[in-house]
Structures are given as C-alpha cells and as structure tokens.
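Mind the numbering: the sequence shown is residues 43 to 205 in our numbering, read in order. By construction, the Cβ of each residue, glycine as well, lies at the ideal position given by its N, Cα and C atoms. Keep in mind that this is a model prediction, so the values were computed, not measured. Heads up, the thing below is written out as structure tokens.
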Amino acid sequence: MSEPDILKSAPKPNRLLWLFLGCFALVSACDLRQPEPQYYSAETATKSYADVLAELEVAITERNFRITGHNKIGSVIREREGIAFPDYDTLQFCNLTQARVMLEMSPASVAWMPCNVAVRSEAGKVIVTTHLLPTDSSDPRLNEFARNMNEELKAIVHFAVEN
Numbered sequence: 043m044s045e046p047d048i049l050k051s052a053p054k055p056n057r058l059l060w061l062f063l064g065c066f067a068l069v070s071a072c073d074l075r076q077p078e079p080q081y082y083s084a085e086t087a088t089k090s091y092a093d094v095l096a097e098l099e100v101a102i103t104e105r106n107f108r109i110t111g112h113n114k115i116g117s118v119i120r121e122r123e124g125i126a127f128p129d130y131d132t133l134q135f136c137n138l139t140q141a142r143v144m145l146e147m148s149p150a151s152v153a154w155m156p157c158n159v160a161v162r163s164e165a166g167k168v169i170v171t172t173h174l175l176p177t178d179s180s181d182p183r184l185n186e187f188a189r190n191m192n193e194e195l196k197a198i199v200h201f202a203v204e205n
C-alpha cells in the first residue's frame, strides 16, 4: 500500500504527527451527538391549573388515547415536606393501535412511549409541554407517522390551554 504524498514528503518523525492530525481532523468533522429532543409548549394566563388538567384529560381521551399514568409531583412535595411548592404534573397516555403500528415499523421507538405531557405553574401562567417524536429517521413511513402523531400531541396541548 503506498503512502499519501503528504506523508512521503514529511520527515519520518513527523509522519506520526501528520497521521494523528489527519485522524483528529476527520473525527472532529463528524457530528456524533444525538439530536436534541423537540418540545412543543403552550401556555395560558386565564385558565386555572385544575381546568387545564381537566381539559388535558378530555383532549387525550377524545383522541382515543388511554391515560396510563398521572404523577402529581408538586402536590406530593407539598404534602411530604409541608411547604409551599408550585404545581407540577405529568400525564402519560397511549393508544395501543397506534403503538403497535409504530413498533412494527421500529422496535426502538418504544423509547418514545408512552406519550407524555408536563404541566407546570409558573409566573402566573399554566404551561403545558410535550416532547415530539423525531421525524428524521431513515424510514419515510416512520417519519410520516411521527409527523401525524406530533400534530395530535400539539392539538392536545393547544386544546388544554385555549379559552
């Protein structure tokens, strides 16, 4: 195997340095980071926290999802610690028919299940946030599924905060 011209012209002690620098430049050019998760948030200053939670439950069940969990983080901290603490809740939900479709396309997509919505009270507002499914896989069918599901998730969030 012949050496690249740059190595042939380099003095022998510098060949290792050039090889190291070349490898470093190649590795540095590669982006090895995972994509950042995408979130969708909406807020209201006119609806109460309890009303937003109730609207979330309606929006979720009307779209044929089943609520699989409700974590009342803020109220549990208040009760346990006996302190004033803001409201924080998470709701988990799933549609088994949709889950099956997604898992048949990509078993690794189980990492995105169940769907999750977080609710918090901050600065006089109620803020609702959900994480969106990635739409940049190598499978166009999975990307289309994710885009459709993301629209459902956005609609759920929007319904909860709209007046």
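CA-to-CA, the gap between His200 and Thr132 works out to about 16 Å.
By the Cβ test, the region 117-125 is not in contact with the region 136-145, since fewer than three Cβ pairs between them sit closer than 8 Å. By the C-beta criterion, the region 163-175 is judged to be in contact with the region 91-98, since at least 3 inter-stretch pairs fall below 8 Å. Here Val203 is not near Thr103, since their CB atoms are 8 Å or more apart. In this structure, DSSP gives Ile125 a state outside helix and strand, which the three-state scheme calls coil. Considering only Arg162, Ile109, Val143, Ala165, the residue with the shortest C-alpha distance to Ala188 is Val143. Contact annotation, Asn185 with Thr177: C-beta distance approximately 5 Å; criterion of less than 8 Å satisfied. If you compare the alpha carbons of Ala92, Arg162, Ala84, Glu193 with that of Asp129, the shortest gap goes to Arg162. Taking 8 Å as the cut-off, the beta carbon of Asp181 is found closer than this to the beta carbon of Met147.
Gly166 and Ala126 have their C-alpha atoms some 15 Å from each other.
Within the same chain, and ignoring the five residues on either side of Gln80 in sequence, the residues whose Cβ sits closer than 6 Å to its Cβ are Leu174. Counting only residues of its own chain and dropping the five nearest sequence neighbours on each side, Ala141 has a CB closer than 7 Å to the CB of Met155.
Val94 sits buried, since 16 or more C-beta atoms from the chains shown fall within 10 Å of its C-beta. DSSP places Ala84 inside the beta strand (DSSP E), whose first and last residues are 80-86.
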